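Before any comments, here is the structure.
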Amino acid sequence: MRVLIMAKEGEQSDAATPPTPEAMAEYQKFNDELVKAGVVLEAGRLYPSSQSKRVRFDGKKRSVIDGPFTETKELVAGYWLWQVRSIDEALEWLKRAPYDGGTFEVRQVLEYEGM
Amino acid sequence: MTAGPSRSVRSSSTRACEGARAIGPRDEDAPEGQGRHETAVTEAHRAIEAIWRIESARLIAGLARVVGDIGTAEELAQDALVAALEQWPVEGVPERPGAWLMGTAKHRAIDLIRRRKMLERKHHEIGRDAERAQEGVDLDPAIDEEVGDDLLGLIFMACHPVLAKEARVALTLRVLGGLTTGEIARAFLVPVPAIAQRIVRAKRTLAEAHVRFEVPSGAERIARLASVLEVIYLIFNEGYSATAGEDWVRPALCEEALRLGRILAELAPTEPEVHGLVALMEIQASRLSARVGPSGEPVLLLDQDRGRWDRLLIRRGLAALERAEMLGGALGPYALQAAIAACHARATTSAETDWPRIVALYDAVAQLAPSPVVELNRAVAVGMAFGPAAGLDLVDALVAEPSLMSYHLLPAVRGDLLRKLGRSEEARAEFERAATLTDNVRERELLQRRAGECAAKPMAG
C-alpha cells in the first residue's frame, strides 16, 4: 500500500532559521535508510505558507487567498509518499525519524480502483 | 542438544512467527472490558509484526554471514522474535528494536557456535588451547561488521542457481520478503505443506552443496546476478498476469517484486541490468489498474485508458532506465525490454506508438537473449509497424516451435493478425484454441469473448 506522510512541523514550518548541519545530516541518514529499504517513492519539502495561496470554492465563485496562514499547527511543511506493506510498518518507520517536534500525519492512498 | 536451536525449538518458533500475524485481528475482536493490558498486548504484537517485516531480512542476512547457512540464521532470528513476543508486550518496545533483535540473536549465535566448536573438538579430539582462545576473539567483530553487503549476500544465496526456480522464488519471498509460508502458498495457489517442503528442501540443498555466504565477483557475479534478476521478475510476473486462478493480477506480488528490485538497485547501484529490471517493473506496474476492467476482466495494452496509468511509476521507470543507460555499454535484455515499455509509456494514445522503434528494440533483445517468446513479441510489433501480413509470416514460422506448443499467446496473437486480415473463421478457431490453453479464468473469458466477436462481426481487411 501507499501512504502519504504529511509533516506538520508547527511553528517550525514558517520559521526562518534553517536546520543545523547536524540535523540535516541526521535527516539525510534516515532518508537514505528508507530509500535503501525500498520505501520512498517520492519526497518533497514545501515553501513556507507566506509564499503560498489558497483557492476557495463557493458554488461558481472562486476566491484566491494569499498566505501566510495562521493555523500553524496544521500547515504541511513537507511530505513523503511511501510504499509499505501495512500502516503499522509505516508507523514503525516514522517513529525512527530524527525529529524532536511536530506532528506527522499518515494517510493511506486509495489505489487499484475497480479491483 | 548439540544442534543448537533444535528441531523442537524451530517448530515452536515458526508457530510463534506466524502467530504474531494472526494475533492482531483476533485480539481486536475480543469482548470489551478485558482491560488496558489486552490493548497494550495487541498494540505490541502489531508493532512486532511490522518491525519483523522491516528487520527480518537484515537480521537473517547478518546471522547467515556468521553461521554460514540460511536455515540456522532463520531459526536464530525467529528465536529472537519469540523473545520479543514474550518481553515487549510486558516491558514495552525498545527504542531501537532492530538492534535489540540483532543483539538477542547474536548472543544465541555465539552460544551456538561455541557449542558447535565444542562438539567438533570432542569429535576430533583437538582440544587445543589456542583454538579456544581464538574463538572468543573472532566472534564479536564478525557479527558487528558493517552489514551493507549482508543483504546482498543473502539475496545471492537465496537465488543460487543450484536451486530450482520455484525453490529460489519461495526462499526469496520467505527470507527477504518476510512472508509466511501461508502467504507464499496463497500467492502461488499451492498448498501450504508443499511450500513448507519446498523451503526446507531449498535450505537443505544449499547446505549440501556447500553454497557459501558471499557477494560473488567477476564472471561468477554476472551469472549469479542473472539468477537473482530472474527470481525477482518471476515474482513480478506472477502478480502481473497470474498463470492460474480467478484473479488476473495480484498487485501484492508486483509490489513485493518491485520492493526487492528497488532494494537491489541501492545495494548494487553500478549494475545496469538491475536498473533495467527495476525500470521494466516500474513501467509495467504503472498499468496495473488500467489492465483490469470493471468486472475483473483483462484489458489489453492498446485498449487501456492511458489516463489511468500511474504517472509516478512511469516517471520512476524512465529515471531507472536512464540510470541503466548512464552506466554505459550496450543495454542488456531487461533494459531493452524497459526501453520497449517506455515507448508505450511515452505515447499519449496507442496510435502514437513508435512501432518501428519497438521492432528495432526487439531485434536487439532477440540478438542478446533469443527465445521463441521474444520472436512472438517481435512479430506483434512487426504486425503493428508493417501490417498484419508481415506479422503473420513471422508467427507462422513459430507454429512448429515445440516450446510454444501449449503457450496460449501464440494462437491469441495469430488470431488477432488473422482477424485484421479479414480471415475471421481462422481467427475464431485460434482464439478458441488459445482459450483452452490458459489456466487463468479471466484470461480464458477474454479469449472466448474475442472468439465470439470473430463469429459475430467479421472485421474488414
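One line per chain: the protein sequences are A and B, in this order. Heads up: the first sequence begins at 530 in our numbering, then just goes up one per residue. Heads up: the second sequence begins at 48 in our numbering, then just goes up one per residue. Cβ atoms here follow ideal geometry from the backbone N, Cα and C, with glycine treated the same way. A quick note: this is a predicted structure, and the numbers were derived from the prediction, not measured.
From the DSSP output, in three-state form, read off residue i for me.
i        : result
A:Arg574 : strand
B:Glu142 : coil
B:Gln495 : helix
B:Asp187 : Note on B:Asp187: pLDDT 46, under 50, position unreliable in the model; no value is reported.
B:Met165 : helix
B:Pro417 : coil
B:Ala447 : coil
A:Arg531 : strand
B:Phe260 : coil
A:Gln580 : helix
B:Val339 : strand
A:Asp629 : coil
B:Pro238 : coil
A:Asp587 : strand
B:Ala315 : coil
A:Glu634 : strand
A:Val569 : strand
A:Ala536 : strand
B:Ala291 : strand
How far does the alpha helix (DSSP H) with residue i in it extend, from its first residue to its last?
i        : result
B:Arg297 : Taken as a continuous stretch (DSSP letters only), B:Arg297 belongs to no alpha helix (DSSP H), as it is neither H nor E.
A:Tyr608 : A:Tyr608 -> not in any alpha helix (DSSP H); beta strand (DSSP E) instead, spanning Gly607 to Gln612.
A:Glu621 : Ile616 to Lys624
B:Ser471 : Ser471 to Leu484
B:Ile384 : The sequence shown places Gln at residue 384 of chain B, rather than the Ile named in the question. Taken as a continuous stretch (DSSP letters only), the alpha helix (DSSP H) holding B:Gln384 covers Pro380 to Arg393.
B:Thr219 : Lys212 to Val222
B:Glu344 : Note, B:Glu344: premise wrong, no alpha helix (DSSP H); not H, not E.
B:Asp463 : Leu456 to Lys467
B:Ala266 : Gly265 to Tyr287
B:Leu359 : Arg358 to Met373
Count the other C-beta atoms from every protein chain shown that fall within 10 angstroms of the C-beta of residue i, then say buried if there are 16 or more, exposed otherwise.
i        : result
B:Val278 : buried
A:Val593 : exposed
B:Lys250 : buried
B:Arg338 : buried
A:Leu639 : exposed
B:Pro316 : exposed
B:Val247 : exposed
B:Ile98  : buried
A:Ala536 : buried
B:Pro52  : Bear in mind that the predicted position of B:Pro52 carries a pLDDT of just 39, short of 50, making it unreliable; the figure below should be weighed with that in mind. Result: buried.
A:Tyr576 : exposed
B:Gln414 : exposed
B:Thr119 : buried
B:His84  : exposed
B:Met373 : exposed
B:Thr485 : buried
A:Lys602 : exposed
A:Arg585 : exposed
B:Arg393 : exposed
B:Glu178 : Confidence is the limiting factor: at B:Glu178 the pLDDT is only 49, short of 50, which leaves the residue's position unreliable and the question unanswerable from this model.
If you measure between the beta carbons of residue i and residue j, is that distance less than 8 Å?
i        : j        : result
B:Pro345 : B:Arg489 : yes
B:Ile107 : B:Ile117 : yes
B:Ala205 : B:Thr219 : yes
B:Ala326 : B:Ala232 : no
B:Leu451 : B:Leu457 : yes
B:Ala510 : B:Leu494 : Missing from the structure shown is residue 510 of chain B; chain B here goes from 48 to 508 and no further.
B:Leu110 : B:Ala156 : yes
A:Tyr608 : A:Gly631 : no
B:Gly354 : B:Ser333 : no
B:Ala428 : B:Val442 : no
B:Tyr287 : B:Leu324 : no
B:Leu253 : B:His207 : yes
B:Gly115 : B:Phe260 : yes
B:Leu445 : B:Glu422 : yes
B:Leu314 : B:Leu226 : no
Can you tell which of the options has the C-alpha that lies nearest to the C-alpha of residue i?
i        : options                                   : result
B:Gln134 : B:Ala304, B:Val88 and B:His154            : B:Val88
A:Arg583 : A:Ala572, A:Asp595, A:Asp561 and A:Arg574 : A:Asp595
B:Leu223 : B:Ala411, B:Leu166, B:Val275 and B:Glu372 : B:Val275
B:Glu213 : B:Gly225, B:Leu199 and B:Phe235           : B:Phe235
B:Arg470 : B:Glu500, B:Ala388, B:Phe260 and B:Asp486 : B:Glu500
B:Leu349 : B:Val460, B:Ile387 and B:Ala398           : B:Ala398
B:Ile361 : A:Glu571, A:Pro547 and A:Met530           : A:Glu571
A:Leu563 : A:Arg636, A:Asp629, A:Glu634 and A:Leu610 : A:Leu610
B:Val137 : B:Gly150, B:Glu122 and B:Ala91            : B:Ala91
B:Glu479 : B:Arg497, B:Ser342 and B:Ser103           : B:Arg497
Where does the unbroken beta strand (DSSP E) through residue i begin, and where does it stop?
i        : result
A:Val593 : Lys590 to Asp595
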